[in-house]
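**Q**
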Amino acid sequence: MVLETPDGRVVGIEVKAGATIRTDDLSGLRALQRITGDRFVAGYILYTGAQTLPFGPRLRAVPIEALWRCEP
Numbered sequence: 001m002v003l004e005t006p007d008g009r010v011v012g013i014e015v016k017a018g019a020t021i022r023t024d025d026l027s028g029l030r031a032l033q034r035i036t037g038d039r040f041v042a043g044y045i046l047y048t049g050a051q052t053l054p055f056g057p058r059l060r061a062v063p064i065e066a067l068w069r070c071e072p
């Protein structure tokens, strides 16, 4: 999914069914980052794992359960 704000900023979101994420899994988000340049705000992979994992500037893998889990 690609979200774009009225002023042109872009966020990419991918959903994976697996519990592990490899660097290769971010190829689509990295391509979006290259194409959009400075307009790219962040890229997220939602996955079934348990940890938030950084994959470089503005790229993260986030547990899908974070969508319904509230933490202060």
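According to the working numbering, the sequence shown is numbered sequentially starting from 1.
Note that beta-carbon positions come from the ideal geometry of N, C-alpha and C, so glycine has one too.
1. What did DSSP end up calling Arg-69 once you bin it into helix, strand or coil?
2. When DSSP builds the beta bridges, which residues end up paired with Pro-57?
3. Are Leu-3 and Glu-14 touching if we call contact CB-CB under 8 Å?
4. Contact defined as beta carbons within less than 8 Å: I believe Gly-43 pairs with Gln-33. What is the distance between those atoms, to the nearest angstrom?
5. Go ahead and label Ile-35 buried or exposed: buried means 16 or more other beta carbons lie within 10 angstroms of its beta carbon, across all protein chains shown.
**A** Taking the geometry as given:
1. The count along the sequence shown starts at 1 and reaches residue 69 at position 69. In the structure shown, Arg-69 sits in coil (DSSP, three-state: anything other than H, G, I, E or B).
2. Here residue 57 refers to the residue found at position 57 of the sequence shown. Paired residues: none, contrary to the question.
3. Within the sequence shown, residue 3 is the residue found at index 3, counting from 1. Within the sequence shown, residue 14 is the residue found at index 14, counting from 1. For Leu-3 and Glu-14, no; Cβs fall outside 8 Å.
4. As a position in the sequence shown, residue 43 is number 43, starting the count at 1. As a position in the sequence shown, residue 33 is number 33, starting the count at 1. The Cβ separation is near 6 Å, so the contact holds.
5. Residue 35 sits at position 35 when you count from the first residue of the sequence shown. It counts as exposed.
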